[in-house]
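With the working numbering applied, the sequence shown closes on residue 807, and no number is skipped along the way. Note that CB positions come from ideal geometry on N, CA and C, so glycine has one too. Here the structure is a predicted model, which means the values were calculated and not measured.
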Amino acid sequence: MAKTPKTKMGHLLYLGAGRCSQLNEYIAATNKNIVLIDANIDVCNILKFETRNAPHITVVNAAVTDSARPEKLKIYNFEDMSGLYEPTGLLDIYPGLELQKEIQVQTQGFSDVVKAYIPSRADFDLIVDICGGEGSVISEMLSGPYFKNVRRFNVVSSNSQLFKGATLAKEILKAFKDKGVDADLEIDENEDFVTISGCIDIALLERLRVEKQMKTLESQKKTLEKNFSKEKKTNADLRKKLDLETKSLAREKELVLAITQQRDAEQIELKEKLSQFEAQNAKNEDQRKTLAHELKCLKADHDALKLEHETKCSTAAELSDKLNVAERGHNQLAQELENLKADYAALKLEHKSKCSTAAELSDKLNSVKRRCEQLEGDLATAQSAERTSLSEFKASMKGTYTAIIDAFDHQVSTLTAISEGKSKQLDALLEEKERYEKVSAETEAEKQKLVQARQKIAALKSDLAEREASLAWHKKRYIEQVGATDTPKIDVAPPKSKPKQLTVTTPKVVLVGSVPRSGGTWVFNVIRGVFEITNTPYASGWYKTFEGKTDVKYHLIKVHNVDDYTGPIWKTITNHRSLERRVSSLVRMGWVEDSEAGILNALKHQAQLYKIWDQRSDLEVNFQHISDKPESVISSIAKELGFSLNEAQVLKVLEFIENLTPPQGPGVDPITLLHPKHRVTDIEANDKRVARVLSIMRSRKNKSNP
Numbered sequence: 102m103a104k105t106p107k108t109k110m111g112h113l114l115y116l117g118a119g120r121c122s123q124l125n126e127y128i129a130a131t132n133k134n135i136v137l138i139d140a141n142i143d144v145c146n147i148l149k150f151e152t153r154n155a156p157h158i159t160v161v162n163a164a165v166t167d168s169a170r171p172e173k174l175k176i177y178n179f180e181d182m183s184g185l186y187e188p189t190g191l192l193d194i195y196p197g198l199e200l201q202k203e204i205q206v207q208t209q210g211f212s213d214v215v216k217a218y219i220p221s222r223a224d225f226d227l228i229v230d231i232c233g234g235e236g237s238v239i240s241e242m243l244s245g246p247y248f249k250n251v252r253r254f255n256v257v258s259s260n261s262q263l264f265k266g267a268t269l270a271k272e273i274l275k276a277f278k279d280k281g282v283d284a285d286l287e288i289d290e291n292e293d294f295v296t297i298s299g300c301i302d303i304a305l306l307e308r309l310r311v312e313k314q315m316k317t318l319e320s321q322k323k324t325l326e327k328n329f330s331k332e333k334k335t336n337a338d339l340r341k342k343l344d345l346e347t348k349s350l351a352r353e354k355e356l357v358l359a360i361t362q363q364r365d366a367e368q369i370e371l372k373e374k375l376s377q378f379e380a381q382n383a384k385n386e387d388q389r390k391t392l393a394h395e396l397k398c399l400k401a402d403h404d405a406l407k408l409e410h411e412t413k414c415s416t417a418a419e420l421s422d423k424l425n426v427a428e429r430g431h432n433q434l435a436q437e438l439e440n441l442k443a444d445y446a447a448l449k450l451e452h453k454s455k456c457s458t459a460a461e462l463s464d465k466l467n468s469v470k471r472r473c474e475q476l477e478g479d480l481a482t483a484q485s486a487e488r489t490s491l492s493e494f495k496a497s498m499k500g501t502y503t504a505i506i507d508a509f510d511h512q513v514s515t516l517t518a519i520s521e522g523k524s525k526q527l528d529a530l531l532e533e534k535e536r537y538e539k540v541s542a543e544t545e546a547e548k549q550k551l552v553q554a555r556q557k558i559a560a561l562k563s564d565l566a567e568r569e570a571s572l573a574w575h576k577k578r579y580i581e582q583v584g585a586t587d588t589p590k591i592d593v594a595p596p597k598s599k600p601k602q603l604t605v606t607t608p609k610v611v612l613v614g615s616v617p618r619s620g621g622t623w624v625f626n627v628i629r630g631v632f633e634i635t636n637t638p639y640a641s642g643w644y645k646t647f648e649g650k651t652d653v654k655y656h657l658i659k660v661h662n663v664d665d666y667t668g669p670i671w672k673t674i675t676n677h678r679s680l681e682r683r684v685s686s687l688v689r690m691g692w693v694e695d696s697e698a699g700i701l702n703a704l705k706h707q708a709q710l711y712k713i714w715d716q717r718s719d720l721e722v723n724f725q726h727i728s729d730k731p732e733s734v735i736s737s738i739a740k741e742l743g744f745s746l747n748e749a750q751v752l753k754v755l756e757f758i759e760n761l762t763p764p765q766g767p768g769v770d771p772i773t774l775l776h777p778k779h780r781v782t783d784i785e786a787n788d789k790r791v792a793r794v795l796s797i798m799r800s801r802k803n804k805s806n807p
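Okay, structure coming up:
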């Protein structure tokens, strides 16, 4: 990552502190409140160790975003690249970047962190160096309640998409500019990152806010005037519409009157036709009666003729003809009677239809009358509402103008008070400067004491001469395993796939195949402890000195290289530890030359050896878990070997391990395989050699990927 940006001292909140290149300067500033925050627990432990004598510095392990939520923290082999965001674009710059592990964490919001670690209403400086998360933090700062408390700020970002979902530097700079903050962009040394720095002037921002508010009020005034004009125009349109409705209503009234007159004329005409029909009907009734009487007379004549026919057969033919004529006349009269009845029914139906049409016209006339009355009521209501709306609008405009004038007077008085407060703050800063110069003098005195302490340390180093014999022996053994420190070699090429493990009935071979300085000796003794507390017969040792027995159930053999043991294997248990810590431990032990060439050769050998063991492993033990949760690791190892231990048995194995002590003199303990410098993980966790190894790794990556 880019180097840590510089800032003037004050209350300081440093998000994503990492190894903190300005740590010595912060330790010396004893009169300041400094909060260093990082999401990586290993980095925080190193910072806590280095600032253990600086009570004014608080180190916090937290992942800071725009809000509190569960997230996954990604730990990479380059600690500075660890964070919540996936480094997609960064892989082009650092192709050797590898994900080591993911940890479930609960993030904290920026405002929550400020509230927890910065005194209430206190001004503070802010540094943000979060891998990919700077955009969300700055967004919350600009919109949150603590924006006015930030005085100076430095934000590390990039103009390219190095992290998935990250905000670009130009967008962050634009956000500051939009807020009225004067900010500059500075390109870091490696040109991959940029630093956005600036100072927040609250008085200037307040003045800009007032001007913006005045513009807003002016805009509101114009909007109100525009709305008033628009409403006035709307009212005029309503009047025009009302006039059109009135004219339409008048036309409808004329139409209704015409329809009514037409209906009256039709009713008179129908009455006349009905009178004519009734007269015709009466006439037809008289004719029917006449015809009926004539028919009756004819029947009487018929009867008389028939009787006469019977009495006078000679005149039968004549009478028959008369009778036929009479019947035809009777049928004709009957048909005319039926036609008259049909005409009467049709006239009656036509009369009924005319009456129904007259009723419908009457209903429509009544509906038109009601519509006229409704429109007249709506017109009166609209006129009343228009007068009321105009009165209310005039009153509200008068109140708004009065409120604007009062608000402006209040803001002017507020700015005056702020200006006086800034003058007092300037006086206080001058006093702080005098106290800082006094502290600087005291710091010089402390530096003299530090020089004396270093001289004592140099004297103590001479006491380590008695361990030289042990170091020489171990160095010789490592050279035998790896080869010369200048050209380490791997005798066995990495297999394409994991070789098939052989099942051996008696005894079963358990191989502890660990990369040097990764916790293999601890795993070796844990397995010994499991066998001991379960009373399981076994034989164990280093592969060179191992003496196999046939009357035991297990053979426990420890190796470093895959070709150290070539016999049948039942289980292979390996270890994992970060590459830089393994190599720095080899340098501390004196088994690798403390030079760039020696460290680079060791890095290459260690990386290749780990890949080989990773492909052959049945169970891999994480070095960090050995110190964080040893009980869980012991249970996992026992379960892999087919043993189910209860809690008491696990504690006994842990007690068995903790009671082991390294030998006092030179050489290795043949049973525990411990040597004089074993079990110093606390020192290694804070060893500055780790930083040196990381620096060489980065330098090598930059040279191979310009």
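Helix, strand or coil, according to DSSP, for residue i in the structure here?
i, result
"E203", "strand"
"A155", "coil"
"A786", "Note that A786 scores 47 on pLDDT, short of 50, meaning its location in the model is unreliable; the coordinates nonetheless yield the value given after this. Reduced to three states, the DSSP call for A786 is helix."
"Y537", "helix"
"Y655", "strand"
"T635", "coil"
"L114", "strand"
"C145", "helix"
"G236", "helix"
"Y218", "helix"
"L795", "helix"
"A130", "coil"
"E287", "strand"
"I297", "strand"
"Q750", "helix"
"G668", "coil"
"S641", "strand"
With a 10 Å radius around its C-beta and 16 neighbouring C-beta atoms as the bar for buried, classify residue i as buried or exposed.
i, result
"M102", "For M102, the predicted structure reports a pLDDT of 42, less than 50, and the residue's modelled location is therefore unreliable. A value from the coordinates is still provided. When all chains shown are included, M102 counts as buried."
"D464", "exposed"
"L114", "buried"
"D226", "buried"
"A276", "buried"
"V144", "buried"
"R222", "exposed"
"R63", "Nothing can be reported for residue 63: it is not among the residues displayed for the chain, which extend from 102 to 807."
"G743", "exposed"
"T105", "Any reading at T105 must be qualified, since the residue scores a pLDDT of 43, below 50, and its modelled position is unreliable; no value is offered."
"L530", "exposed"
"K672", "buried"
Kindly give me the distance between the Cβ atoms of residue i and residue j, rounded to whole angstroms, as I take these residues to be in contact under 8 angstroms.
i, j, result
"V610", "V624", "Going by Cβ atoms, the distance from V610 to V624 rounds to 15 angstroms, so no, they are not a contact pair."
"I634", "K753", "5 angstroms"
"D230", "L116", "7 angstroms"
"Y177", "E203", "Incorrect: roughly 10 angstroms between the Cβ atoms, too far for contact."
"D213", "A169", "7 angstroms"
I'd like to check one pair, residue j with residue i: are the Cβ atoms closer than 8 angstroms?
i, j, result
"I735", "V751", "yes"
"G233", "Y186", "yes"
"V215", "E235", "no"
"E721", "T646", "no"
"G299", "F254", "yes"
"I138", "A163", "yes"
"Q707", "R683", "yes"
"V167", "E272", "One detail in the question is off: residue 167 reads as Asp in this sequence, not Val. Not in contact: D167 and E272 (Cβ atoms no closer than 8 angstroms)."
"V688", "R799", "no"
"L174", "A217", "no"
"I301", "V282", "yes"
Let's see if you can read the secondary structure: which residues bound the beta strand (DSSP E) around residue i?
i, result
"E721", "L720 to N723"
"I135", "I135 to D139"
"L174", "P171 to Y177"
"V229", "F225 to V229"
"K609", "K609 to G614"
First and last residue of the alpha helix (DSSP H) that includes residue i?
i, result
"I194", "From DSSP, I194 is part of no alpha helix (DSSP H); its letter is neither H nor E."
"S686", "L680 to M690"
"N702", "E697 to R717"
"F277", "A270 to D279"
Looking at residue i and the ligand FAD, is the gap between the Cβ and the nearest heavy atom below 7 angstroms?
i, result
"I519", "For the ligand FAD, the structure offers nothing, since it holds no ligand at all."
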